[in-house]
Structure formats: C-alpha cells, structure tokens
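> Under my numbering, the residues of the sequence shown are numbered 3 to 721, in order.
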Amino acid sequence: MKEEINTVKPSSGAGMSRIDGRLKVTGAARYSAEYNVKGLTYGVLAGSTITKGSIKSIDIKKAEAAPGVIKVITYLNAPKVPGYQNSKPDEKGPLKIFYDDKIYFNGQPIALVIADTFERALFAASLIKATYNEEAHQTDLRANISKAVTSNDGGEYKRGIADAWKTAPVKIEQEYIIPSEVHSPMELHAIIAQWDADDRLTVWDKTQGVKDAQSGIAKLFNLPEANVQVNSKFVGGAFGSALQTWPHEVAAIMAAKVIKRPVKLVLSRADMFTSVGYRPHTWQKIAIGATADGKLVGITHEAAGQTSSYDNFAEGPTGISGSLYACPNVNTTYKLVSLDVGVPTWMRGPGEATGAFALESALDEISYALNIDPIELRLKNYAETDPQNNKQFSSKYLSEAYKMGAEGIGWKDRDPKPATKTKDGWLVGYGMGGGMFGAYRGEATVRAVMMADGTLILQTAVSDIGPGTGTAMVSIASEAMGIDPKKIRFDMGDSSLPPSPTQGGSAITASVGSAVYDACKDLKEKFQQLIGNGGTDKLDYIKVLKQHNLPKLEVTTTSHGGPEQGKYAMYSWSVHFIRVNVHPATGVVKIDKVVCVADSGHIVSPKTARSQIIGGAIGGIGMALMEEVVIDHRYGKLVNNNFADYHVPVNADIPQIEALFINKPDPYINALGAKGMGEIALIGMAAAVANAVYNATGKRVRELPITPDKLIGMDADLS
Ligand code: MOS
3 MKEEINTVKP SSGAGMSRID GRLKVTGAAR YSAEYNVKGL TYGVLAGSTI
53 TKGSIKSIDI KKAEAAPGVI KVITYLNAPK VPGYQNSKPD EKGPLKIFYD
103 DKIYFNGQPI ALVIADTFER ALFAASLIKA TYNEEAHQTD LRANISKAVT
153 SNDGGEYKRG IADAWKTAPV KIEQEYIIPS EVHSPMELHA IIAQWDADDR
203 LTVWDKTQGV KDAQSGIAKL FNLPEANVQV NSKFVGGAFG SALQTWPHEV
253 AAIMAAKVIK RPVKLVLSRA DMFTSVGYRP HTWQKIAIGA TADGKLVGIT
303 HEAAGQTSSY DNFAEGPTGI SGSLYACPNV NTTYKLVSLD VGVPTWMRGP
353 GEATGAFALE SALDEISYAL NIDPIELRLK NYAETDPQNN KQFSSKYLSE
403 AYKMGAEGIG WKDRDPKPAT KTKDGWLVGY GMGGGMFGAY RGEATVRAVM
453 MADGTLILQT AVSDIGPGTG TAMVSIASEA MGIDPKKIRF DMGDSSLPPS
503 PTQGGSAITA SVGSAVYDAC KDLKEKFQQL IGNGGTDKLD YIKVLKQHNL
553 PKLEVTTTSH GGPEQGKYAM YSWSVHFIRV NVHPATGVVK IDKVVCVADS
603 GHIVSPKTAR SQIIGGAIGG IGMALMEEVV IDHRYGKLVN NNFADYHVPV
653 NADIPQIEAL FINKPDPYIN ALGAKGMGEI ALIGMAAAVA NAVYNATGKR
703 VRELPITPDK LIGMDADLS
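Now the structure itself:
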C-alpha cells in the first residue's frame, strides 16, 4: 500500500491507568452541579400534568409565599429569549421553554421555582397548580403507525431491484420492535448559570461539547461567543443525552438573569426520562431472500420510529442493511410518527443499534431456514468493498473478528438445533451479532506547551463523558514525545481552550488524538529547529530550553482529515458473542459468557478501550433484556420513570466480559491508525442476545426487551 499514511506502530502492553481514576474514586473530581458559586440559588422545575393542550390558568401564589422562595418563572412572566423570537410560528424545533401556554408532552416544564435551598425550591414547586384546556393525545407508536411519514433524513434507499427477496428460494419476513430506552447516566443533567455582567455568562454545564454549548447559548441569548464561558470538566456519563442544549439549560440561564444571582438547576431522575431525549420506540420489518447455498438475493428493510409533535428526530436505523453485507438488491424506507411525547435524541449507536437488532436477528432467522451456520452465512456474504458505492474500505478485519470471537465463546460447542443443549436444568444457547459504525474524524486544535521543568501541557476544549479521553490523549503524547505520562497534563472541558469537536459519534480519539499527535510532532520540530541539527539524538527538552534561556516552548496545531476521507469507506466493526442460560419453567435469562471483538484500528489506550467495550456491551445487554420506557397511553404519562421500575443491568446480571481487539492500524484514517469504538461496543449486542435465547429455547423474541413472560411456554420443557 504505497499511499499508506500511518506512521505509528501499534503499542503493546496493558496500557495506562486512568489519569483521573483517583480523582473519580475519591470524589475529588468535581461535576457541574458541585461548584460552590457565591450567592448560589436553587431551581426546581414543575411539570405539566396533562399531555396535550394549553395552560388555562397557573397559580403560583402559594409557591411565591413559601419559605425561601426568590422567584417563580412561568410563560406569563419569563423574559424573552432572543433566539426564540427568530423562529417562525409553526416551525419545528427544540422546545421553547416558558414561551407560551402550549403543552406538547406530559411533564413538560411549566414553571421554575428558585429558592435559597434546593429543599425549599422542591417544596414550593409542589404548590404550583395549573388548570388546562386538554386535548386528545397520541403517545402510542403502534396505534399510530399508519400516520408514519417518510423522513427527509436517510428516508429511502435502493440498489438493484426492489423487493428482490420475494424471488429467492429461501426467504423470511419478520417484524422487530424496540421500545423507547433512556440513556440513564448516573450523573443527572445539571447546570449552574452565572451572569458575570449584563452581556457575560459563565455556566458549569453537563455537556458533551463545550464549544457547541457555547455557540448554542450565545445564539439563544444573542451574545458574542467569547462572552459565554462553558465549563464541563467531568461528565458522569451521557451516551448522547448531552449532545445538545436543552430547555432546562435555557431556563437556568434565564432565571439567573432575572434574579441577578447564580442559579443551579439539576434535573430529577424523573425529568431525565422526558427532558433530555431517549432512543425512540421503533417498529421495523425485514425481509431477506437467499439462494439455497446461502447467497443473499435481496433485503427489504422498513422502519418507523417515533418523534415529537414540535421537533423532529431522525436517526436512520435502516442504513446498516445497505452496508453490512454484499447483497445486490437492497431497498429501505424509514418513516417518522409524530406523537405527543418529548423529542427523542441520539443514544449510543444511534440508528445502527436499532437497525442491527432487526438485521442481525433476521440474518440469524434465515441461517436456521437455510441450515447454515450464522458465521458461515456472514462470511458467504462478506462485503469486500462498500456495497453502497464500491469504495475500498480504509481497513476491515471483520472476518478475523468472527474467528476470534467464535474461538473465545467456544462456538464449536453450539448445537445448531435450538432447545437441545442443557446444563444443570437450564437451557444453553449461543448467539452472535455484529455491528458497524462510520469512522469519523473532525477538525480539532491542540495547544502543546513544554515547560522549563519538562512538564508538557496539552490544551483543547473537548469534554470527556467517561471513556477516558484524557488518558488516551496523554498516552498518545507520551509515545509521540518520548516522555513519562506523569509529566503530561491534559486540560479540557473548557470553552476558552482551543476548539475541539463535541464528544459524539465515536470520533474523539480519531479527531483530538490526531491533533494531539500532530501538535507533539510540531513541538518536536520546533525543538529541532532550535538546536539546528538533523535531530538524530534523543531530545532533552529541559536542556534545550535552558540552553536557549526559554521559560517554555509552545505550538498550536489544527488537525483534520485529508482527501483520503472521501476516497475510502471508513468504518469500525464489532461482533458480539453470547452464551446464555435460560430457565425453562420461569423464562429467566442469565448471560453466562460474553465475548466482544472490536475492529477499530490501532488501540491507543488498551485499558480504557477495554472499559469502553465492556460498558457498551452492558448497555446492549440492558437493551436486550431489561430496558423499556412504559407509557400509560390513557394519560400519556411515563409510569416507570425511576430506577426501581426502569431496569438496567447491575453487577449480578453481568458475567465476566471478554473484550478482544483486532488492533491493526487503519492506514488511511489518521497517523495513529485509530478509529472509534464507543458505538460499535453496543451495536449488534441486542441481536446477539436474542439469537442466543433462540438457540437456547427455540423461541424467537422480536420485541425487546426479552423479559421472562415472553419466554414462558417455550417449546422445550425440561420440568
Ligand atoms: Mo453518542 S450517541 O454520539 O453520544
């Protein structure tokens, strides 16, 4: 490969521990709600008790008279938000908080109470009473599927002949459904807003992107960007929920302006279910046709997902059917159903996670119909180039990942006949499912400063939502500069630092990591220029600075992809293998063994990469077995908006997870050869679990989550 641009060798070894590990486990890491700002006040939101209509009257007198209350804000007295005034009356867009009397979903904030303590604000918020003009609402996707309209965003795709599956000798056609799921980060969304002057604002805000938050807030409040300082030093998980500026952030900023004091607003866990997005409830139908020897003839994939009445969200769940396999005929449609609910948003593996559940379940179904091993079927239809455009992949080692995972799980012990294998009275099943996600690289700028004492300071605005970005960046810099990681400081989560993209779409290691690498290269060059030789000796940074009487040497480097970005199809791949035990009488599913294999290029930070895969795998297991937002459609209200009723996996649900890496550099994406892995860690997992459950029980569950009630009465009965 003469065009090879990769210049970094894969590192070996276990990798660095988290640079912020001690801060986090000792509680010293300070999250957005934990800053003690002088004169701080506390805001609590009160929500609508109806689902659709308008506010007839709202009584805030009791709340205003309650102890410690400083102010109550509603649409009747809220100051005008400049950014709200520019939109046209019926234009779809983010909810405008306290803008008018309209109610679009149950729990929509109708008032903000600000008091001198959180408890007093909470109590006063309970005293707010509203009456409404209630209208009939629709919150049920299934009941409204006929109202689905084609999404402008990745709505339709076709190659070859439409519905070619119908002409194939072996075919399946099935419907798959996922419920709405919420991100459920441990850290609640929170903001502290403080106006430093009439036109200057500082926020400590939970966000995946301080620069995006800065520009979003600046636009809403008509401020110069430089006058908005956004701090997000630590983020306790987000998974997509903090990719945008939400109404509660606007409310806190608005309130701080009104009372001329800083306001802290932390969402309640219940609000986390309605106010910061979720993975949308989605119906899908997949039909696959194949030749008797297992060559795919055609795939038809239809999807319809829910969105809100006031704003649209589209995530493209059908995209994966066009790209994962070499199938000559593929046609897909994706539609949206407007409901009286809060707007959904990106959630880990957005689009692909939903699509892969359907596609990888359907592949498994047709493998049984064909009587071909699921891995063999995938290898028979392996895409050597991108089936959508015939572009060469920048790198793809998925076939190796299949092999590695099969070995890890002990695939040879799988009985292809469902509901036959047992152990200690439990049914045993094996399943697998794969995923892919675009490998993106955005523009990032890094300042690198070598201090006289040999400390290297790296600075860029990026926030770290949990994967260990700082650790990965220090690891890259340590290798590039040849210095001890302990001598490197990485400053981030601050909008005044050089710009970085928002942490999303699995792109930060490839984007910011590349910028760190390039900045280090530039800094080394600057040292070489100083000493003026060819630079064959190892650089002694301290000595060179001293010789030249310099307190420091610094560079600021902007880094982005080149033309290779358009030339090659760039993706990360994963495959997940599962062994389950299912209790035949009760339908209880126990995950017995998990093996995940990621093909995401060169692994720059093995230890945090492993954690990243484990976290995603657990998210996928939750999606498969537990997670489900339940709405009582009579009232349009969520009934399980808490962690007692909305189940996520706990330690007892999760066995040892093996995370394996291909760890071969992608020669084109960047000099590191590194691609993202946040999304692929989850994509395909739900299907792997469903496929294992089928292999164990002979029961195909096509609607998540796979709860015991869906398995009772299974074919096999060992009791
Ligand atoms: Mo991710 S859903 O891009 O945070």
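By construction, the Cβ of each residue, glycine as well, lies at the ideal position given by its N, Cα and C atoms. Here the structure is a predicted model, which is why all the values come from computation and not from measurement.
#1: Closest to A170 by CA distance: which of Q505, K297, P651 is it?
#2: DSSP three-state label for F439, please.
#3: Tell me which residue opens and which closes the beta strand (DSSP E) that I112 is part of.
#4: Nearest-angstrom Cα distance between T320 and T610?
#5: Quick check: V596 and A403, are their CB atoms within less than 8 Å of each other?
#6: Quick one: what does DSSP say S19 is sitting in, helix, strand or coil?
#7: Considering only DSSP beta bridges, list what H185 is partnered with.
#8: How far does the alpha helix (DSSP H) with Q465 in it extend, from its first residue to its last?
#9: Helix, strand or coil for L720, going by three-state DSSP, please let me know.
#10: To the nearest angstrom, how far is it from the Cα of V115 to the Cα of A306?
#11: Mind checking whether T335 and T152 have CB atoms under 8 Å apart?
#12: With distances taken Cα to Cα, identify the nearest neighbour of P389 among V332, D375, L381.
#13: Cα separation between G85 and K221?
#14: Going by beta-carbon coordinates alone, are D214 and T424 separated by less than 8 Å?
#15: Let me know the secondary structure DSSP gives W248 once reduced to three states.
#16: Given this structure, state the Cα-to-Cα distance separating I130 from G49, to the nearest angstrom.
#17: Under 8 Å by Cβ, that's how I've got E189 and G242 pegged, so tell me the actual separation to the nearest angstrom.
#18: Where does Y327 fall in DSSP's three states?
#19: Identify, in the order they occur along the chain, each residue of the same chain with its Cβ nearer than 7 Å to the Cβ of D594, setting aside the five sequence neighbours on each side.
#20: Would the C-beta of C667 count as close to the ligand MOS, meaning under 7 Å from any of its heavy atoms?
#21: Please go through the same chain and pick out, in chain order, the residues whose beta-carbon is closer than 8 Å to the beta-carbon of I544, but skip the five residues on each side of it.
#22: Is it the case that the CB of W167 approaches a heavy atom of the ligand MOS more closely than 7 Å?
#23: From P181 to Q308, what does the alpha carbon distance come to, in whole angstroms?
#24: What distance in whole Å lies between the Cβ atoms of G686 and G534, which are believed to be in contact at a cut-off of 8 Å?
#25: Can you tell me the Cβ-Cβ gap for V265 and A254, rounded? I've got them flagged as a contact below 8 Å.
#26: How many Å lie between L458 and V278 at the Cα?
#27: Between which two residues does the beta strand (DSSP E) holding A673 run?
#28: Keeping to the same chain, check which residues put their C-beta closer than 6 Å to that of Q345; ignore five residues upstream and five downstream.
#29: Taking the C-alpha atoms as reference points, what is the distance between L706 and E183?
#30: Going by DSSP in three states, R449 sits in which element: helix, strand or coil?
#31: Check Y519 in the structure and name its three-state DSSP category.
#32: Does any heavy atom of the ligand ATP sit closer than 7 Å to the C-beta of F241?
#33: Taking 7 Å as the cut-off, is the CB of L684 close to at least one heavy atom of the ligand MOS?
#34: Looking at the structure shown, is I605 part of a helix, part of a strand, or coil, going by DSSP?
#35: Is the number of C-beta pairs between the segment 352-372 and the segment 547-563 that are closer than 8 Å three or more?
#36: Does DSSP put V691 in a helix, in a strand, or in coil?
Let me lay it out:
#1: Position 168 of the sequence shown, counting from 1, holds the residue named residue 170. Measuring from the Cα of A170, the nearest candidate turns out to be K297.
#2: Residue mapping note: residue 439 aligns to position 437 of the sequence shown, counting from 1. Residue state, collapsed to three classes: strand.
#3: By 1-based counting over the sequence shown, the position of residue 112 is 110. 111-117 is the span of the beta strand (DSSP E), which, as asked, contains I112.
#4: Taking the first residue of the sequence shown as position 1, residue 320 is located at position 318. Taking the first residue of the sequence shown as position 1, residue 610 is located at position 608. So the alpha carbons of these two residues sit roughly 30 Å apart.
#5: The residue given as residue 596 occupies position 594 in the sequence shown. The residue given as residue 403 occupies position 401 in the sequence shown. In this structure, A403 does not lie closer than 8 Å to V596 by Cβ.
#6: Position 17 of the sequence shown, counting from 1, holds the residue named residue 19. Coil at S19, not helix or strand.
#7: For the purposes of this step, residue 185 is taken as the residue at position 183 of the sequence shown. DSSP lists no partner for H185.
#8: Translated into positions along the sequence shown, residue 465 becomes position 463. In the sequence as displayed, the identity of residue 465 is Ser instead of Gln. Segment: none, S465 is in no alpha helix (DSSP H) and carries neither H nor E.
#9: Mapped onto the sequence shown, residue 720 falls at position 718. Residue confidence is low: L720 scores 49 on pLDDT, short of 50, so the model does not pin down where it sits. No coordinate-derived value is stated.
#10: Within the sequence shown, residue 115 is the residue found at index 113, counting from 1. Within the sequence shown, residue 306 is the residue found at index 304, counting from 1. Roughly 38 Å separates the two Cα atoms.
#11: Walking along the sequence shown from the start, residue 335 turns up at place 333. Walking along the sequence shown from the start, residue 152 turns up at place 150. Cβ distance < 8 Å, so T335 and T152 count as in contact.
#12: On the sequence shown, position 387 is the one that residue 389 refers to. Checking every option, the nearest Cα to that of P389 belongs to V332.
#13: Here residue 85 refers to the residue found at position 83 when the sequence shown is read from its first residue. Here residue 221 refers to the residue found at position 219 when the sequence shown is read from its first residue. Each residue's Cα considered, the two are about 6 Å apart.
#14: By 1-based counting over the sequence shown, the position of residue 214 is 212. By 1-based counting over the sequence shown, the position of residue 424 is 422. Not in contact: D214 and T424 (Cβ atoms no closer than 8 Å).
#15: Sequence index remark: in the sequence shown, residue 248 carries index 246 (1-based). In the structure shown, W248 sits in coil (DSSP, three-state: anything other than H, G, I, E or B).
#16: Within the sequence shown, numbered from 1, the residue matching residue 130 stands at position 128. Within the sequence shown, numbered from 1, the residue matching residue 49 stands at position 47. Straight-line Cα distance between these residues: approximately 9 Å.
#17: If you number the sequence shown from 1, residue 189 lands on position 187. If you number the sequence shown from 1, residue 242 lands on position 240. Contact doesn't hold; Cβ gap of about 14 Å is too wide.
#18: As a working note, residue 327 is residue 325 in the sequence shown. In the structure shown, Y327 sits in a strand (DSSP, three-state: E or B).
#19: The count along the sequence shown starts at 1 and reaches residue 594 at position 592. Excluding sequence neighbours, D594 sits near R581, V582, N583, P657.
#20: Looking up residue 667 in the sequence shown gives position 665. Before going on, a small fix: residue 667 reads as Pro here, not Cys. Because no heavy atom of the ligand MOS lies under 7 Å away, the Cβ of P667 does not count as near it: no.
#21: Locating residue 544 in the sequence shown gives position 542, where the first residue counts as 1. Excluding residues within five positions, the ones whose Cβ falls inside 8 Å are A454, D455, G456.
#22: Working through the sequence shown from its first residue, we reach residue 167 at position 165. No, the beta carbon of W167 sits no closer than 7 Å to any heavy atom of the ligand MOS.
#23: Taking the first residue of the sequence shown as position 1, residue 181 is located at position 179. Taking the first residue of the sequence shown as position 1, residue 308 is located at position 306. Cα to Cα, the separation comes out at about 10 Å.
#24: To locate residue 534, count along the sequence shown from 1; it is residue 532. To locate residue 686, count along the sequence shown from 1; it is residue 684. At roughly 54 Å, the Cβ-Cβ gap does not stay under 8 Å, so G534 and G686 are not in contact.
#25: On the sequence shown, position 263 is the one that residue 265 refers to. On the sequence shown, position 252 is the one that residue 254 refers to. Right, their Cβ atoms sit about 5 Å apart.
#26: In the sequence shown, the residue the question calls residue 458 occupies position 456. In the sequence shown, the residue the question calls residue 278 occupies position 276. So the alpha carbons of these two residues sit roughly 37 Å apart.
#27: As a first step, residue 673 must be located in the sequence shown, where it is residue number 671. Per DSSP, A673 belongs to no beta strand (DSSP E) and is neither H nor E.
#28: Here residue 345 refers to the residue found at position 343 of the sequence shown. The residue you asked about is not Gln; residue 345 is Val in the sequence shown. Taken in chain order, the residues that qualify are S310, D313, F315.
#29: As a working mapping, residue 706 is identified with position 704 in the sequence shown. As a working mapping, residue 183 is identified with position 181 in the sequence shown. If you take the alpha carbons of L706 and E183, they lie about 10 Å apart.
#30: Indexing the sequence shown from 1 puts residue 449 at position 447. DSSP places R449 in strand when its eight states are reduced to three.
#31: Looking up residue 519 in the sequence shown gives position 517. Note: Y519 maps to helix in three-state DSSP.
#32: Ligands in the displayed structure: the ligand MOS; the ligand ATP is not one of them.
#33: Residue 684 sits at position 682 when you count from the first residue of the sequence shown. No.
#34: Counted from its first residue, the sequence shown places residue 605 at position 603. Three-state result, I605: coil.
#35: no
#36: Position 689 of the sequence shown, counted from the first residue, corresponds to residue 691. Correct three-state label for V691: helix.
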